[in-house]
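Since the structure comes first, as structure tokens, the remarks are kept for the end.
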Amino acid sequence: MTSGPPTAADRTLNADVRWDDFDPHQYIGHNYLVMQAVDEEIITLVRDHFSDHFEGGDRVPRGIDVGAGPNLYPAFTMLPWCESITLLERSAQNRGYLLGQRDWYDAHWDPFWKVLCGRKGYADVDNPRERFKRVVQDPIAGSVFELGAAEPGWDVGTMFFVAESITTSLEEFQNAVRSFMHALRPGAPFATAFMEHSQGYRVGDIEFPARDIDKEDVRTALGDLVEPGVDIQRLNTSDLVRDGYTGMILARGRRKE
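When you line the sequence shown up against numbering that gives the first Met the number 0, it's residues 0 to 256, in that order.
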């Protein structure tokens, strides 16, 4: 279980953070210039989840990646299955990065796409850059918490390393997960990823907060918003991408009908 709530002196809420100062290039340099083994595992599992759901059917109108940050591979996992993909991102610098990648994304993302091509729906995309340019919309400024008051409007969704990485508050973590789920139409497939027992992280010279969570915290946050059979697993990896966490958790399932 988690190590308990932070003290008042250590408590950092989402609204306290300088999100516009997040440096996407520093973050990418540490995390995504070379594909990590755990990212390959996540991509493979999400690829199979979405392929099993969508293969043989029609494309759905709308997908969403919540808290996209400077990470393209969540959008990649939805690329064959959607007519349009929304990237919701609070940080102005991250939105600028995403916009700059839309017309022709950098070559270091190619290995991430190659993993996806292990399944037919992805392999059948003749030109992923052209499809990315056509399907992915201009990134939208916004917070995950705003989705809780919106009408469910998306047919598939991802949220990777967001809910536990924007606050030290258990309540805000739970609200973020539930707001994401609220945005999805009944029956929509989803994938969410989390850092296990994260103690916070640094990007450049800035410290960012995290909520210490485990599998049971994820299960509790998803609660009754998911169909039975949701798969929540701890990914076994010996190579951590940074200090201050113990592993990663991936949840795959469908929004409750």
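Ideal Cβ placement from N, Cα and C applies to all residues, glycine included.
What are the partner residues of residue i, as DSSP defines its beta bridges?
i    : result
D64  : L86 and T157
T191 : M158 and A250
V59  : C81
Going by C-alpha to C-alpha distance, which of the options sits closest to residue i?
i    : options                   : result
A140 : E256, D64 and M34         : D64
C116 : R254, G203, D105 and M77  : M77
P185 : P138, D242, E215 and K255 : K255
D38  : L71, L146, Q25 and Q198   : L71
F179 : I205, D47 and T157        : T157
P138 : R118, L146 and A91        : A91
T191 : R89, R251 and A14         : R251
T166 : D154, P127 and F207       : F207
F53  : Q35, C81, F75 and T43     : C81
E215 : F172, G243, Q35 and I205  : F172
E163 : D105, A148, A220 and G120 : A220
F160 : Q100, D230 and I212       : I212
D258 : I205, V217, H24 and Q35   : Past the edges of the chain, shown from 0 to 256, lies residue 258, and the structure says nothing about it.
S83  : H196, R133 and N13        : R133
R241 : N126, D57, F131 and G199  : G199
Would you decide whether residue i is buried or exposed? Buried here means 16 or more other CB atoms lie within 10 Å of its CB.
i    : result
R17  : exposed
P227 : exposed
V33  : exposed
D19  : exposed
P60  : exposed
G28  : exposed
H48  : buried
Q232 : exposed
T85  : buried
R89  : buried
R10  : exposed
D154 : buried
A8   : Here A8 scores only 44 on pLDDT, less than 50, and its place in the model is too uncertain to base an answer on.
A175 : buried
A187 : buried
L249 : buried
G62  : buried
P100 : Correcting the residue type first, residue 100 is Gln in the shown sequence and not Pro. Looking at its Cβ environment, which holds 16 or more other Cβ atoms inside 10 Å, Q100 is buried.
W103 : exposed
My assumption, with CB atoms under 8 Å, is that residue i sits in contact with residue j. Please give the rounded CB distance.
i    : j    : result
G152 : A182 : 7 Å
L44  : G66  : Actually they do not touch by this definition, with Cβ atoms about 19 Å apart.
P73  : Y26  : No, P73 and Y26 are not in contact; Cβ-Cβ is about 15 Å, not under 8 Å.
L169 : R210 : 6 Å
F193 : M247 : 7 Å
> Can you list, in chain order, the stretches of the alpha helix (DSSP H) that have 4 or more residues and sit fully within the segment 95-166?
Replying inline: For the alpha helix (DSSP H) assignment, the uninterrupted runs of no fewer than 4 residues enclosed by the segment 95-166 are, from N- to C-terminal side, 109-115, 119-122 and 127-134.
>> Ignoring anything shorter than 4 residues, give me the alpha helix (DSSP H) runs that lie fully in the segment 180-233, in order along the chain.
In response: Residue ranges of uninterrupted alpha helix (DSSP H) with 4 or more members, entirely inside the segment 180-233 and ordered along the chain, are 214-221.
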